[in-house]
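There are 2 protein chains.
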Amino acid sequence: MQKEYNLSKNQKIIFDLIDKSGGPMKAYSILFNVQKKGIKAPLQVYRALDKLVEIGKIHKIESRNAFIACQNSSCQISKATAFSICENCENVSEISNSKLSKYLSNFSDNSGMKYSKYNLEFFGLCKKCKSK
Amino acid sequence: MQKEYNLSKNQKIIFDLIDKSGGPMKAYSILFNVQKKGIKAPLQVYRALDKLVEIGKIHKIESRNAFIACQNSSCQISKATAFSICENCENVSEISNSKLSKYLSNFSDNSGMKYSKYNLEFFGLCKKCKSK
DNA sequence: AACGTTATGTAATAATATAACATTTATAAG
DNA sequence: CTTATAAATGTTATATTATTACATAACGTT
């Protein structure tokens, strides 16, 4: 289980918002939504986001500049992330596939580089959008 | 083989710059470098970049907001990209590994989604940076 | 040459993210 | 419990990345 209780005030406000939204959220949309809670400046949002990413509570969807709550209850894989992204409705979900993560975590090529982290983003049309 | 001859003027200027640089370049750094060639505005750069990405001559490194020339001579894989990124020196290289690309191109999970595209970014320390 | 498509030029502005500095709160060590 | 240190906050300004809107020009086809 994750420890949520040691998030700071701003971190908790922002995590809860993202988590409840159920999807990816952008920084300035987050800012707008937490202004009533006293978080007024972009930097306050970005600092919380940085920390939440660092501890694996959320992930950044790089191709969308958006942040999504980690959907793996055990959340040990913040350094090994994979997402599926619908190019039509922009729905995003985290892929949790042990074969895939094992394959990628063990991947090495002839560059002499040892990879400590990866991020994979798949694109396509989700079920709903495909059937339209 | 790629057809280079049908790039437009701006596209060619910008592709040549990125290609010769040998690494990833950021949009405004590109802009600065092509101002002497008459490209004055961000939009001119972004339009050329968009087109070059679309036709697979360059790829965007999403985690870095940077663009790199495609390093696969046959360049049929602009919809299936993988990069290795050194977190210390920011060196980026395109991974061209047929097993990996086959594995990912054929990947499917139980979401009912058919993936038409992916982007994978590996992070770590390159040989040089590791030995410091 | 007329048409549609692609590319260009230009100005303004939107969206995303960080720097710099002052202060406060939490955590841990003595 | 108090001092030291690290982590978090608050605030202003600014840097960086990217797009909208509109006008014009060049290219490719028939």
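Sequences listed follow chains A and B, in order.
Residues in the first sequence are numbered from 1182 upward in steps of one, following the numbering used here.
Residues in the second sequence are numbered from 1182 upward in steps of one, following the numbering used here.
Even for Gly, the Cβ is constructed at its ideal location relative to N, Cα and C.
Any chain A beta carbon closer than 8 Å to residue i
| i | result |
| --- | --- |
| B:D1290 | yes |
| B:E1275 | no |
| B:K1207 | no |
| B:F1213 | no |
| B:E1271 | no |
| B:F1304 | yes |
| B:S1286 | no |
| B:S1265 | yes |
| B:Q1192 | no |
Residues that DSSP places opposite residue i in a beta bridge
| i | result |
| --- | --- |
| A:G1338 | Because chain A here runs from 1182 to 1313, residue 1338 of chain A falls outside it and cannot be looked at. |
| A:I1242 | A:A1247 |
| B:V1273 | B:I1266 |
| B:A1261 | B:Y1299 |
| A:K1207 | A:A1247 |
Per-residue burial, residue i [other beta carbons within 10 Å of its own, 16 or more giving buried]
| i | result |
| --- | --- |
| A:F1303 | buried |
| A:P1205 | buried |
| B:N1300 | buried |
| B:K1260 | exposed |
| B:L1233 | buried |
| B:K1295 | exposed |
| B:K1238 | buried |
| B:E1185 | Note that B:E1185 scores a pLDDT of 49, beneath 50, so its modelled location is shaky and nothing firm can be said. |
| A:N1270 | A small correction: the amino acid at residue 1270 of chain A is Cys; Asn does not occupy that position in the sequence shown. It is exposed - the Cβ of A:C1270 has fewer than 16 other Cβ atoms within 10 Å. |
| B:M1182 | Any answer about B:M1182 is weak, because its pLDDT of 41 lies below 50 and its placement is not dependable; what the coordinates show is given next. That one is exposed. |
| B:L1230 | buried |
| A:K1241 | buried |
| A:E1243 | buried |
| A:G1293 | exposed |
| B:L1188 | buried |
| B:G1203 | exposed |
Any chain B beta carbon closer than 8 Å to residue i
| i | result |
| --- | --- |
| A:S1279 | no |
| A:F1196 | no |
| A:C1307 | yes |
| A:S1259 | no |
| A:L1233 | no |
| A:K1298 | yes |
| A:G1204 | no |
| A:L1230 | no |
| A:K1295 | yes |
| A:S1210 | no |
| A:M1188 | One point to set straight first is that residue 1188 of chain A is Leu, not Met, in the sequence displayed. False, the Cβ-Cβ gap to chain B never drops below 8 Å. |
| A:L1314 | This structure does not reach residue 1314 of chain A, given that chain A is present from 1182 up to 1313, and the question cannot be answered. |
(message) With a threshold of 8 Å, are at least 3 pairs of Cβ atoms found where one atom belongs to the stretch 1261-1277 of chain A and the other to the stretch 1259-1267 of chain B?
(response) no
(message) So, does the stretch 1239-1249 of chain A touch the stretch 1282-1295 of chain A, judging by three or more C-beta pairs under 8 Å?
(response) no
(request) For the stretch 1196-1213 of chain A and the stretch 1209-1216 of chain B, state whether three or more C-beta atom pairs, one from each stretch, are separated by less than 8 Å. (result) no
(request) Identify each residue in the stretch 1238-1255 of chain B for which the Cβ-Cβ distance to at least one residue of chain A is less than 7 Å, and report them in chain order. (result) E1243 and S1244
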